[in-house]
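Notes to accompany the following structure.
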Amino acid sequence: MRAALVKYSGRRLNNHEAVWFDMPFQSTLEAYYNTGDICVYDSTLRLVDYSEGHLLNIDEPVTEEGVRRIKSSCDFIMLRGSNYIHEEMEWGHFIDWIEALDLPVLVIGVGAQAEKERPIILPKEGRRVWQAIADRAPVIGVRGAFSAETLHRNGIHNLEIVGCPSMFRGLDRTLTLRHAPGGPRRVTFSLRREVGTTYAVDPAEFQRTQKRIIAKLALVADLYLSCHGEPEEKAFFFKAPRHMEAAAAKLVAEGWFDEVTGRLLRGLYESRLFYVGAPGDYDVYAPQFDAALGYRVHAVLPAVAVGVPGVLFAYDTRSTELAETFDLPIYSPEAFERQTLAEALAPERFGRFQSLFAERYDRMKAFIERNGVKSRM
1 MRAALVKYSG RRLNNHEAVW FDMPFQSTLE AYYNTGDICV YDSTLRLVDY SEGHLLNIDE
61 PVTEEGVRRI KSSCDFIMLR GSNYIHEEME WGHFIDWIEA LDLPVLVIGV GAQAEKERPI
121 ILPKEGRRVW QAIADRAPVI GVRGAFSAET LHRNGIHNLE IVGCPSMFRG LDRTLTLRHA
181 PGGPRRVTFS LRREVGTTYA VDPAEFQRTQ KRIIAKLALV ADLYLSCHGE PEEKAFFFKA
241 PRHMEAAAAK LVAEGWFDEV TGRLLRGLYE SRLFYVGAPG DYDVYAPQFD AALGYRVHAV
301 LPAVAVGVPG VLFAYDTRST ELAETFDLPI YSPEAFERQT LAEALAPERF GRFQSLFAER
361 YDRMKAFIER NGVKSRM
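Taken in order, the sequence shown gives residues 1 to 377; the numbers are from UniProt numbering.
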């Protein structure tokens, strides 16, 4: 089967691996891009067994030559999972491409995005896109109940909850989490300064809480930080002197390096900060830790996928939904701070996740194959 790749995030090294687009180092250092998107893209490519992949840029208008090219070289359209289901989503010319190509559409792990669970009524164009997809897909794979309810409310009913492909990127049905005796000691915490009102009700409080948790973890654990796209953090990781100076000034001005935790944070930035440049890099980084925590879903899920116990924080619908789908521990910051690290990551907290993992793995495999595409699972 040959795939037309839509909403591709990065460039493929081969059919089953992706990294960020090839660009000058200056752009890598100075531009923001969300490495979570690359992780989902890479994970999707790992799960699907396709013979050829051809890029379909839906931001470009439909042309007769483009339709001929895709129709002659592709058997289906593959849309990677992401936060597509919300009121502000821009689809470019996707509806025109769907209708012109009239190919089956494989959709894995798409989700609704909001700062809290609430009814989302999609605009007319969004409903048209999802109806066109639904007409060409035996079943649409969503990441959880909230996303399924949202699409159902908007008239789309051929849905199945499959979670996120990043959970299965290890292609290991027998995955077993490795719990450190006596609780975790070496811990990686994923940063998220980039946040808006679609991710948190109160972005300022979101940042204050995150810094407080980092400071407390530094007292009880051998703590490292990971960053996932913000330029200021990348300046520290790459040790670029002028960029570090400018980044530090900005972080002070914005209150991230404040009088309370600023010195601690800067010390961690200078010596214990890892930048996730490619999903495959994180597969090597994560297994060195006893636990993965933080505010990046696509730092916690890929860590779990390689056997590292991971905990999510409840700050938006996406994190809550994925924790519920996979039965992973999720805490409000207040609930997390009321317990010890060993209690928060106790093996029994992962009991349902562990006991149901093989079943959920099989469900994802069966879902892909129900859509007429082979899987590598």
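All C-beta atoms, glycine included, are put in the ideal place defined by N, C-alpha and C.
Endpoints, the alpha helix (DSSP H) within which residue i is located
| i | result |
| --- | --- |
| GLY277 | Per DSSP, GLY277 belongs to no alpha helix (DSSP H) and is neither H nor E. |
| TYR266 | Contrary to the premise, residue 266 reads as Arg rather than Tyr in this sequence. Run containing ARG266: 262-271, per the alpha helix (DSSP H) assignment. |
| ASP42 | 35-47 |
| ILE70 | 64-73 |
| LEU151 | 145-153 |
| HIS341 | According to the sequence displayed, residue 341 carries Leu and not His. It spans 341-344 - the alpha helix (DSSP H) in which LEU341 sits, taken as one unbroken run. |
| PRO24 | Note, PRO24: premise wrong, no alpha helix (DSSP H); not H, not E. |
| LYS234 | 231-237 |
Environment of residue i [buried if 16+ CB atoms lie within 10 Å]
| i | result |
| --- | --- |
| GLY267 | exposed |
| ARG143 | buried |
| LYS239 | exposed |
| SER332 | exposed |
| HIS54 | exposed |
| GLN113 | buried |
| PHE326 | buried |
| VAL260 | exposed |
| GLN210 | buried |
| PHE350 | buried |
| GLU233 | buried |
| GLN207 | buried |
| residue 380 | Coverage of the chain is limited to positions 1 through 377, which leaves residue 380 absent and any answer about it impossible. |
| MET23 | exposed |
| PRO309 | buried |
Strand pairing of residue i, partner residues [DSSP]
| i | result |
| --- | --- |
| HIS54 | ALA4 |
| ALA132 | Its beta-bridge partners do not exist; DSSP assigns none. |
| residue 378 | This structure cannot speak to residue 378, because the chain is shown only from 1 to 377. |
| MET78 | LEU5, LEU106 |
| ARG318 | None; ARG318 has no bridge partner. |
| residue 452 | What the structure shows of the chain is the stretch from 1 to 377, and residue 452 is not part of that stretch, so it cannot be assessed. |
| SER375 | VAL48 |
Assigned secondary structure, residue i (DSSP; H/G/I helix, E/B strand, else coil)
| i | result |
| --- | --- |
| TYR331 | strand |
| LEU251 | helix |
| ALA137 | coil |
| TYR84 | coil |
| ARG370 | helix |
| ILE213 | helix |
| PHE313 | strand |
| GLU90 | coil |
| VAL162 | coil |
| GLU187 | Checking the sequence, you will find Val at residue 187 rather than Glu. Reduced to three states, the DSSP call for VAL187 is strand. |
| GLY294 | strand |
| ARG349 | helix |
| LEU29 | helix |
| LEU101 | helix |
| LEU13 | strand |
| VAL300 | helix |
| VAL308 | coil |
| ALA240 | coil |
| ASP202 | coil |
| LEU219 | helix |
| GLY170 | coil |
Where the beta strand (DSSP E) through residue i begins and ends
| i | result |
| --- | --- |
| VAL19 | 17-19 |
| ASP222 | 222-227 |
| ALA112 | ALA112 -> no beta strand (DSSP E), and no H or E assigned at all. |
8 Å CB neighbourhood of residue i in its chain, flanking five on each side removed
| i | result |
| --- | --- |
| ALA134 | ILE140, ILE156, HIS157, ASN158 |
| LYS374 | MET1, VAL48, ASP49, TYR50, ILE368 |
| LYS71 | LEU101, LEU103 |
| VAL220 | THR340, LEU341 |
Neighbourhood of residue i by C-beta, 7 Å cutoff - its chain only, sequence neighbours within 5 removed
| i | result |
| --- | --- |
| PHE236 | MET244, ALA247, TYR269, GLU270, LEU273 |
| THR320 | ALA314, ILE330 |
| GLU230 | TYR32, ARG193, GLU194 |
| ALA148 | VAL142, LEU159, ILE161 |
Residues near residue i by beta carbon distance below 6 Å, same chain, minus five either side
| i | result |
| --- | --- |
| LEU223 | VAL187, LEU217 |
| ASP37 | SER9 |
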